[in-house]
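Down below is the structure, laid out as structure tokens.
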Amino acid sequence: MDQPLLPVEGITSAAVVVRDHRASMEQFARFFGIADWRVRRFDGNELIDGHVHGDIMHASWISARGSNGRVAFELIQPAGGQSLFERHLHQRGEGMFGVQTAALAPERIDEIAARAAEAGIATLQECRLGGERFVWLDTRSQLGVVTILQGAPGGERVDLGAAAGEGPPLPVQKHYHFGIVCRDRTATKQAYERLYGMDKWIEFKIETDVTLTDTYYYGKPVKHAYDNWVGRRDGFGVELIEMRYGDAVYQEMLDTIGDGPHHVFPTICSPEEFAAAQSFFAANDMPIIQSGRIGGLIDYFYVDTRRKLAGLTLEVVTPLTENWLETMLPGEASYVLMGPDV
Ligand SMILES: [Fe+2]
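When we follow this note's numbering, the leftmost residue of the sequence shown carries the number -2, and every step to the right adds one.
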């Protein structure tokens, strides 16, 4: 098989459009324990060869990239003109829009963008800044997210160790996966197979009282059903979710902003650790908006962190037994969920 078009190297990063990069950096520092940030302005004479949707771009923005060595985020604040970020903020509000799965040299970015064009994938936005190359591929209809091709973080170093404070309210292990709400999960799975060479998958058919019990939505008991493909290539995991029926956070998203990236999943912790975080959640207006129990093996929760974390919803899993993983996902299936060692 040919090399897949898109590389997976290093820690995957979620890219999030924000209204106020400084305020969001502090929230992400506090919540995920990310002290180390690089902030760069895309504007002025340094920003050249900018195009958006094929037209010459007149726009500026601020990018803040942070990592704690386990999870990484890029927070992007539009700062004037028509960029894809400004359009995202206008159409969908704050939220995750893209994924970066490698730090690439400029020549490699050009090579991937050229191969993408041959495969019918348009460049949504591109520019150069300070000798570096930046391309945002329009993989939204195929993958549910924009694909970001850029190098390692640059710009001014900002230390938010003070904002990170006494550490995150929950353990932060890795981006186990990004949850993406799809209209057709199998068509999206095929696109991940084609573009990323993502070849390891597990399927979940989730239905209250069939494969799941104790299902709650905004604090009320609910009966709902949805189907998932969870896929992995190396350190990059995705969950592709397609609604079947009932009230659920995915249906809420389809009814409000449409399909696309829905949640991040950085934490598997004990019920006691999750209970200990409840006072932090209450003090920060972060209610649990959906939960369920699978086979007496795990509870899962969505915490509504959208108001503090720029539109992001958080998934947390709390195992209920010692052997939950090998019981629920024997053999290679456990690797698909868990990925390489933390
Ligand atoms: Fe998930």
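C-beta: ideal position from N, C-alpha, C; glycine also.
Report buried or exposed for residue i, applying the criterion of at least 16 other Cβ atoms within 10 angstroms of its Cβ.
i: Thr185; result: buried
i: Asn320; result: exposed
i: Asn42; result: exposed
i: Val339; result: Its pLDDT being 49, under 50, Val339 is placed unreliably in this model, and the coordinates cannot settle the point.
i: Pro165; result: buried
i: Tyr223; result: buried
i: Gly328; result: exposed
i: Ala279; result: exposed
i: Ser64; result: buried
i: Lys171; result: buried
i: Gln287; result: buried
i: Thr183; result: exposed
i: Ile59; result: buried
i: Gly127; result: exposed
i: Gly336; result: buried
i: Glu6; result: exposed
i: Ser138; result: exposed
i: Ala370; result: Lying outside -2 to 339, the shown extent of the chain, residue 370 is not represented and no answer is given.
i: Asp256; result: buried
i: Gln275; result: exposed
i: Glu153; result: exposed
i: Ser267; result: exposed
i: Ile145; result: buried
i: Val207; result: exposed
i: Tyr173; result: buried
i: Tyr332; result: exposed
i: Gln0; result: exposed
i: Gly66; result: exposed
i: Glu323; result: exposed
i: Asp301; result: buried
Which residues does DSSP pair with residue i in a beta bridge?
i: Lys217; result: Tyr214
i: Met240; result: Tyr223
i: Ser349; result: Absent from the structure is residue 349, since the part of the chain shown begins at -2 and ends at 339.
i: Arg19; result: According to DSSP, which records beta bridges pairwise, Arg19 is partnered with nothing at all.
i: Arg230; result: Phe233
i: Ile177; result: Leu237 and Pro258
i: Arg62; result: Arg35 and Glu71
i: Val49; result: Asp52 and Gln122
i: Leu44; result: Leu126
Can you determine whether any heavy atom of ligand 2 sits closer than 7 Å to the C-beta of residue i, and answer yes or no?
i: Leu72; result: As presented, the structure is devoid of ligand 2, carrying ligand 1 as its sole ligands.
Query - Closer than 5 Å: residues whose CB approaches a heavy atom of ligand 1 - result: Gly176, Glu236, Phe262 and Glu312
Report task. Any chance you could list the beta strand (DSSP E) runs of at least 3 consecutive residues sitting entirely within the stretch 139 to 170, in chain order? Result -> Residue ranges of uninterrupted beta strand (DSSP E) with 3 or more members, entirely inside the stretch 139 to 170 and ordered along the chain, are 143 to 146 and 153 to 156.
Query raised in the report: What are the uninterrupted segments assigned as alpha helix (DSSP H) that are 4 or more residues long and contained completely in the stretch 184 to 209, given in chain order?
Result: Within the stretch 184 to 209, no complete alpha helix (DSSP H) segment of 4 residues or longer occurs.
Requested in this report: Please go through the stretch 244 to 330 and give each complete beta strand (DSSP E) segment of 3 or more residues, from N-terminal end onward.
Outcome: 257 to 265, 285 to 291, 295 to 300 and 310 to 316
Query raised in the report: Which ranges would you report for the alpha helix (DSSP H) in the stretch 76 to 151 if only whole runs of at least 4 residues count?
Result: 81 to 89, 103 to 115 and 137 to 140
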